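Q:
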Amino acid sequence: MTTDTYAGGLDGAVIAVAGAAGPAGRAVLQRLARAGGHVVAADADPERLAQAVDAARYDAGGADITGEVVDLLDLEATENWAARVEKDHGRVDGLVHVVGGWRGSASFPETELADWDVLHNLLIRTAQHTTLAFHDGLMRSPGGRFVLISAAGASAPTAGNAAYAAAKAAAEAWTLAMADSFRKLGGDDLTAAATVLVIKALVHDEMRAQRPNAKFAGFTDVRDLAEAIADVWNASPQEVNGTRQWLTPRP
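FYI, the numbering for the sequence shown is 1165 to 1415, going by my numbering.
1) Does the beta-carbon of Leu-1277 have 16 or more other beta-carbons within 10 angstroms, so that it is buried, or is it exposed?
2) Per DSSP, which one or two residues make a beta bridge with Phe-1310?
3) In this structure, how does DSSP classify Arg-1408 when only helix, strand and coil are distinguished?
4) Which runs of the alpha helix (DSSP H) at least 4 residues long sit entirely within the segment 1204-1231? Give them in chain order.
5) Around the C-beta of Asn-1405, are 16 or more other C-beta atoms found within 10 angstroms, so that it is buried, or is it exposed?
6) Measure the C-alpha to C-alpha separation of Glu-1336 and Gly-1231 and round it to an integer number of angstroms.
7) Is it buried or exposed for Tyr-1222, if we count other Cβ within 10 angstroms and need 16 for buried?
8) Between Ala-1199 and Ala-1357, is the Cβ-Cβ spacing less than 7 Å?
9) So, is Pro-1401 buried or exposed, given that buried needs 16 or more other C-beta atoms within 10 angstroms?
10) Looking only at its chain, what residues have a beta carbon closer than 8 Å to the beta carbon of Asp-1238, apart from the 5 residues adjacent to it on each side?
11) Taking contact to mean at least 3 C-beta pairs separated by less than 8 Å, is the segment 1268-1283 in contact with the segment 1184-1199?
12) Please give me, in chain order, every unbroken run of the beta strand (DSSP E) with length at least 3 that falls completely inside the segment 1326-1384.
13) How about Thr-1328 and Trp-1410: are their beta carbons less than 7 Å apart?
14) Could you have a look at Ala-1188 and say whether DSSP puts it in helix, strand or coil?
15) Do Val-1263 and Gly-1183 have their C-beta atoms closer together than 7 Å?
16) From Val-1181 to Ala-1205, what does the alpha carbon distance come to, in whole angstroms?
17) Taking Ile-1229 as the reference, which of Gly-1254, Pro-1376, Ala-1208, Gly-1201 has the closest Cα?
18) Using C-beta distances below 8 Å, list every residue in its chain close to Glu-1391, excluding the 5 sequence neighbours before and after it, in chain order.
19) Within 10 angstroms of its Cβ, does Glu-1250 collect 16 or more other Cβ (buried), or is it exposed?
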């Protein structure tokens, strides 16, 4: 159990990471753990989650990282996870949503509405469930933060990206509504913040190895994304609450 006093920043912070088993999630686990955070990772894939947690622990020299298999499409299961995090650690100081997924088409008329169903669950429903489950706990923290990863396409959707862009835009709107809740409930004593980090797309070492001649122009390296996420705790809640922070040039 985490019993140390937390006064803001990342050192000693209890941070939940949803969608932790992918390349971005792994980078985030490692960066937060190296900064002294108590990181609680969740994913639906047990094997990939165990690998991500083990790699992050090794990278951070045996840091406090735990993993839990959670079905984020189940609201009750997500609420139970949030309650366990706060009970086990005494508080929760952050929630990072890096659940990803992409579906696209060659043209607008060729859009498959089945793609929307998939993306609605991955990108919107998981964000809804996690934010609803963690909202009150983040409000109780002296430095609660929620971070959503979005895409530039939400602001400038293209014909073949209708479902993806619409899902990202909806998740952004949901996050900004959470920020408004923090603002109204916190008033002059605002301590919690919800923010959106906007990327074009992500790139990691495996992608570079598979496509050595690709430029990946405008892409954000997963390690740079993790750094930007860590920086959210270095800023005041007034600076980041209800904001979109661009990690790629605006379209």
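Beta carbons are placed, not taken as given, at the ideal position from N, Cα and C, and that holds for glycine.
Note that the structure is a prediction, hence the values are computed from the model and not measured.
A: According to the structure data:
1) The residue you call residue 1277 lines up with position 113 of the sequence shown. Exposed is the call here.
2) Residue mapping note: residue 1310 aligns to position 146 of the sequence shown, counting from 1. Answer is Leu-1259, Ala-1358, bridged to Phe-1310.
3) Here residue 1408 corresponds to residue number 244 of the sequence shown, with the count starting at 1. Looking at Arg-1408 - three-state DSSP - the assignment turns out to be strand.
4) Here the runs fully enclosed are 1210-1223.
5) Taking the sequence shown and counting its residues from 1, one reaches residue 1405 at position 241. Buried, by the Cβ-count rule.
6) Position 172 of the sequence shown, counted from the first residue, corresponds to residue 1336. Position 67 of the sequence shown, counted from the first residue, corresponds to residue 1231. Glu-1336 and Gly-1231 have their C-alpha atoms roughly 26 Å apart.
7) Position 58 of the sequence shown, counting from 1, holds the residue named residue 1222. Exposed.
8) Walking along the sequence shown from the start, residue 1199 turns up at place 35. Walking along the sequence shown from the start, residue 1357 turns up at place 193. Contact check for Ala-1199 against Ala-1357 fails: the beta carbons are separated by 7 Å or more.
9) What you label residue 1401 is simply residue 237 of the sequence shown in a count that begins at 1. Buried.
10) Position 74 of the sequence shown, counted from the start, is the residue given in the question as residue 1238. Shown here for Asp-1238: same chain residues with a beta carbon closer than 8 Å to its own, the five before and five after excluded, namely His-1293 in chain order.
11) Here the segment 1268-1283 does not lie against the segment 1184-1199, with fewer than 3 beta-carbon pairs under 8 Å apart.
12) DSSP runs (the beta strand (DSSP E)) wholly in the segment 1326-1384: 1357-1363.
13) Locating residue 1328 in the sequence shown gives position 164, where the first residue counts as 1. Locating residue 1410 in the sequence shown gives position 246, where the first residue counts as 1. Note on residue identity: the sequence assigns Tyr, not Thr, to residue 1328. With contacts defined by Cβ atoms closer than 7 Å, Tyr-1328 and Trp-1410 do not form a contacting pair.
14) Position 24 of the sequence shown, counted from the first residue, corresponds to residue 1188. Secondary structure of Ala-1188 (DSSP, three-state): helix.
15) In the sequence shown, counting from the first residue as 1, residue 1263 sits at position 99. In the sequence shown, counting from the first residue as 1, residue 1183 sits at position 19. Their beta carbons are under 7 Å apart, which means Val-1263 touches Gly-1183 by this criterion.
16) Position 17 of the sequence shown holds residue 1181. Position 41 of the sequence shown holds residue 1205. Taken atom to atom, the span from the alpha-carbon of Val-1181 to that of Ala-1205 is near 5 Å.
17) Locating residue 1229 in the sequence shown gives position 65, where the first residue counts as 1. Ranking the options by Cα distance to Ile-1229, first place goes to Gly-1201.
18) Against the sequence shown, residue 1391 aligns to sequence position 227. Answer for Glu-1391: Arg-1195, listed in chain order.
19) As a first step, residue 1250 is located in the sequence shown; it is residue number 86 there, counting from the start. Under this definition Glu-1250 is a buried residue.
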